[in-house]
Amino acid sequence: MVGRAQARGAAVIRRTVRYLDERSGGAPFFRKALRYVFPDHWSFLLGEVALYSFVVLVATGIYLTLFFKPSLAPVVYHGHYLPLKGRELSEAYQSTVDISLRIKAGLLIRQTHHWAADVFVAAIVVHLLRIFFTGAFRKPRELTYYVGLLMLTLALLEGYAGYSLVDDLLSGMGLAIGYSVLMSIPFIGANLAQLVWNGPFPGGQDFESRLYIAHVLILPVAIGGLLALHLTLVAARHHTQFLGPRATEKKVVGMPTLPAYAPRTLGLAFAVAAVLFLMGGLIQINPIWQWGPYHVSQATNGAQPDWYLGWLIGALRLVPSFDVTVGSYTLVPNPFWGGAGFPLFVFGVLFLWPTLERQVTGDRAFHNLLDRPRDAPWRTAIGVAFFTWIFIVFLAGSADRMFVLFGLSYQAQIWAFRVLVWVLPVVALFVTKRVCEELLRGEVVEVRRKLVEAEPA
Amino acid sequence: MKRWLIALLVLLLGRRRRRPVLDEDARLVPAGSPDRRAENVVLLLFGAATLCAIAFPVIYAWDAIPNQTQFLGLAVGLALAFVSAACIVIGKRLVVTEELEDEYGDAHPDDQEALEQLVDESGSRFTRKKLLLLAGAGAGTALGAAVITPAASLGPVFDVSSLYRTPWRRGIRLVDELGNAFRADDIEEGTFYTAYPEHADREQMGAPLVVVRLEPAELQLPESRNGWAPEGILAFSKICTHAGCAIALYRKPTFPAVQPSPALVCPCHYSTFNVATGGEVVFGPAGRPLPQLPLELSGAGELRAAGNFSGPVGPSWWGVRRHGARP
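These protein sequence lines are chains B and P, in that order.
If you read the first sequence in numbering that gives the first Met the number 0, its first letter stands for residue 0, the second for the next number, and so on.
If you read the second sequence in numbering that gives the first Met the number 0, its first letter stands for residue 0, the second for the next number, and so on.
See the structure below:
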């Protein structure tokens, strides 16, 4: 009986395989794909966490589009939430309050979507750090790296567009800042801002629907396309790996997709989704009904954006008071430095890094084996300094929270940050370089000791 | 029904009778010994996932359950977590974990050469390659420019004159949220008021004001602003000149002898404007003072604008210092 069941199972598989191969000619490809080799290291999962967060984002996002109304048309709120009763607000804001408070499971899906966005960007950033400090961006994987960086930029924009759609007080403040940063671009800023907002802030009615189509179609499709390209490039050149007994520059060693890797990665996919839905259900995020609708004349105090914009708010706050002017012409309005110049510089450095490193080291070889951070002391030191720089700016963005929580003078903190932001990266540079070199020296000593111990035997 | 029962029995008892073992060498995946305990764990985990997943629609449908969001999240989250655990046990304990080797791909010099040759030979009939390439590039650029031209319809890209415009003119009354006119007596020291132009759109950056009162003796306004602050009442644009947020903080010293002057502060990036000197930046990133609106009192003691702002309102752009605010 058991044998017959198994025979029937085998027959089903055989029929399916035959059907697919005869109609796609894909059997050789699938055979290869199912035996594709995945080297194993915990840090290789970070990219997958980002991938699965994106899946959750798309799924929950589609649900939200079925209820959200991308319109700034004014309506009077007559829902159940008493503090807003009788207030005039936009359809966008009202529909989001309804998703949160009236539609069953709506708040779960909305909060899961928001958490997934935060985790998505976090996973990409940590993945980027892994790639940087292990030298995985080197030949032949520069393209994969550039595509990944491009996805990170788009993910930041996508997140910003997402929370800006709601038209609650916080999102309106975020848009005002975005508008001001665009305005501050030398020579063309005002024109660009008028173009995007269809007039002076808060802009025409069209702005909301434009932002919406960017958030639900243009940006996610772009991210999805780049994601496909990213994964194709990864598979085409195989994963990198750390040096092992059998793992060399020529041979990749790991477990195959089937049977070993598929259940593991499925397990990770479900784990990511589980964590996101648990957070969405149990941990409140962005309770927009409490912020109230946005009006140009209103602002809330001590507000913080989503974490991944913290570095920009920090930069905007740290820059001292000056506009660069030539006579009556304003060449560079202040928000440019923190809001546009800083992120452009950071992404510029990240995009140029593979080229810069190749120029300096003259290393044009293929690299399938990963460096440990200590193996490239200069890269690791410069990287640590660079990311320390960004992190200090990020911390400066929460100086007002530190004031509220610990009573530290805001102005004193900003002055301290203005100094630390230049001092700490330099300290980090030299400390990291020294640590890397000492670790390497320690290994040489260890090897010698082992050799000496082995000799008498 | 009978078949299902049998299937269930097979699932539970399974492995009693083994599948006739094929020739070990013919296998693609190496054989491993069965692990009944791991199978039981997986069965349990799938069972737990099923229960949690079933709980989801139950919670959804049962309105008497409080805190729906939390329980729904728990139900679906735990269901996913159990499936995840099952997958991981399958991966780690039930399937064989082999270590395979594969070659890292190299470059393909022969194909590279062939590609080069293909491109080269495809163009071998052209005699003026550079000129053709230039002409093609020119056409491409022009076409690109043509394609993006419709984007100019998105907004008034070449007309930025409206950035200078505000609804304020001499004689316009200051009203509060409900549309009631502000009287000078309404304005007390130590706090700030938000005012709007009467009968005007409030959702434009030029509209909202923040109004404060100082002792007239404390004022240090520039000469050119004589009479802008009747009874020491000052009005400024409520929109920060740094990044367009509404100014929502008023730093009012409690002990004037030791503390800094009264100042308006933007909660976004903490640009701080000294009200006594007419909105000068004393801290934070703003590159321009806060525009001040000259005030006058009507016969009935109501606050009215005595003109337009001292400068354009809102965030800076290339032209912000070229003209003043206009009606």
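Using N, Cα and C, we set each Cβ at its ideal position, and we do this for glycine too.
What are the start and end residues of the alpha helix (DSSP H) that includes residue i?
i                           : result
serine 94 (chain B)         : 90-100
isoleucine 379 (chain B)    : The question names isoleucine, but residue 379 (chain B) in the sequence shown is threonine. Unbroken alpha helix (DSSP H) run through threonine 379 (chain B): 376-395.
glycine 161 (chain B)       : 141-163
glutamate 436 (chain B)     : 409-453
glutamine 71 (chain P)      : The question names glutamine, but residue 71 (chain P) in the sequence shown is leucine. Note, leucine 71 (chain P): alpha helix (DSSP H), 67-88.
isoleucine 287 (chain B)    : 287-290
valine 74 (chain B)         : Element bounds for valine 74 (chain B): not the alpha helix (DSSP H) but the beta strand (DSSP E), 73-75.
arginine 303 (chain P)      : From DSSP, arginine 303 (chain P) is part of no alpha helix (DSSP H) but of the beta strand (DSSP E) over 302-304.
phenylalanine 405 (chain B) : 398-405
Decide if residue i is buried, meaning its Cβ has at least 16 other Cβ atoms within 10 Å, or exposed.
i                        : result
asparagine 273 (chain P) : buried
isoleucine 147 (chain P) : exposed
proline 314 (chain P)    : buried
valine 451 (chain B)     : exposed
methionine 0 (chain B)   : In this predicted model, methionine 0 (chain B) has a pLDDT of only 48, less than 50, meaning its place in the structure is not dependable; the value taken from the coordinates is given anyway. Burial call: exposed.
glutamine 412 (chain B)  : buried
glycine 223 (chain B)    : exposed
asparagine 66 (chain P)  : exposed
glutamate 157 (chain B)  : buried
glutamine 291 (chain P)  : buried
serine 170 (chain B)     : buried
glycine 154 (chain P)    : buried
arginine 433 (chain B)   : exposed
leucine 368 (chain B)    : buried
histidine 113 (chain B)  : buried
asparagine 285 (chain B) : buried
arginine 321 (chain P)   : exposed
arginine 109 (chain B)   : buried
lysine 237 (chain P)     : buried
threonine 231 (chain B)  : exposed
alanine 72 (chain B)     : exposed
glutamine 358 (chain B)  : exposed
glutamate 207 (chain B)  : buried
Where does residue i sit, in a helix, a strand or coil, going by DSSP?
i                           : result
serine 315 (chain P)        : coil
asparagine 300 (chain B)    : coil
asparagine 273 (chain P)    : strand
glutamine 204 (chain B)     : coil
glutamine 240 (chain B)     : strand
threonine 231 (chain B)     : helix
serine 42 (chain B)         : helix
tyrosine 195 (chain P)      : strand
serine 160 (chain P)        : helix
phenylalanine 341 (chain B) : helix
threonine 329 (chain B)     : strand
alanine 234 (chain P)       : strand
aspartate 167 (chain B)     : strand
leucine 296 (chain P)       : strand
glutamate 202 (chain P)     : coil
glutamine 258 (chain P)     : coil
glutamine 283 (chain B)     : coil
glutamine 291 (chain P)     : strand
isoleucine 123 (chain B)    : helix
methionine 0 (chain B)      : Note that methionine 0 (chain B) has pLDDT 48, beneath the 50 cutoff, so the model's placement of it is unreliable and no number is given.
Which residues does DSSP list as the beta-bridge partners of residue i?
i                       : result
lysine 31 (chain B)     : Answer by DSSP bridge pairing: none, since lysine 31 (chain B) is not bridged.
glutamate 188 (chain P) : P:Arg212
proline 255 (chain B)   : B:Val36
alanine 180 (chain P)   : P:Val174
tyrosine 249 (chain P)  : P:Leu263
arginine 325 (chain P)  : P:Arg164
lysine 458 (chain B)    : Nothing about residue 458 (chain B) can be reported from this structure: the residues present for chain B run from 0 to 456 only.
threonine 324 (chain B) : B:Thr329
leucine 368 (chain B)   : B:Gln240
glutamate 87 (chain B)  : B:Val75
Along the chain, where does the beta strand (DSSP E) that runs through residue i open and close?
i                           : result
glutamate 38 (chain P)      : No beta strand (DSSP E) contains glutamate 38 (chain P), which is instead part of the alpha helix (DSSP H) from 35-60.
alanine 262 (chain P)       : 262-264
aspartate 101 (chain P)     : 99-102
phenylalanine 282 (chain P) : 279-282
Is residue i near the ligand MG, with its Cβ less than 8 Å from a heavy atom?
i                        : result
isoleucine 212 (chain B) : The ligand content of the structure shown is nil, which means the ligand MG is not present either.
Counting only runs that start and end within the stretch 108-151 of chain P, where is the alpha helix (DSSP H) found for 4 or more residues in a row? 108-121 and 128-147
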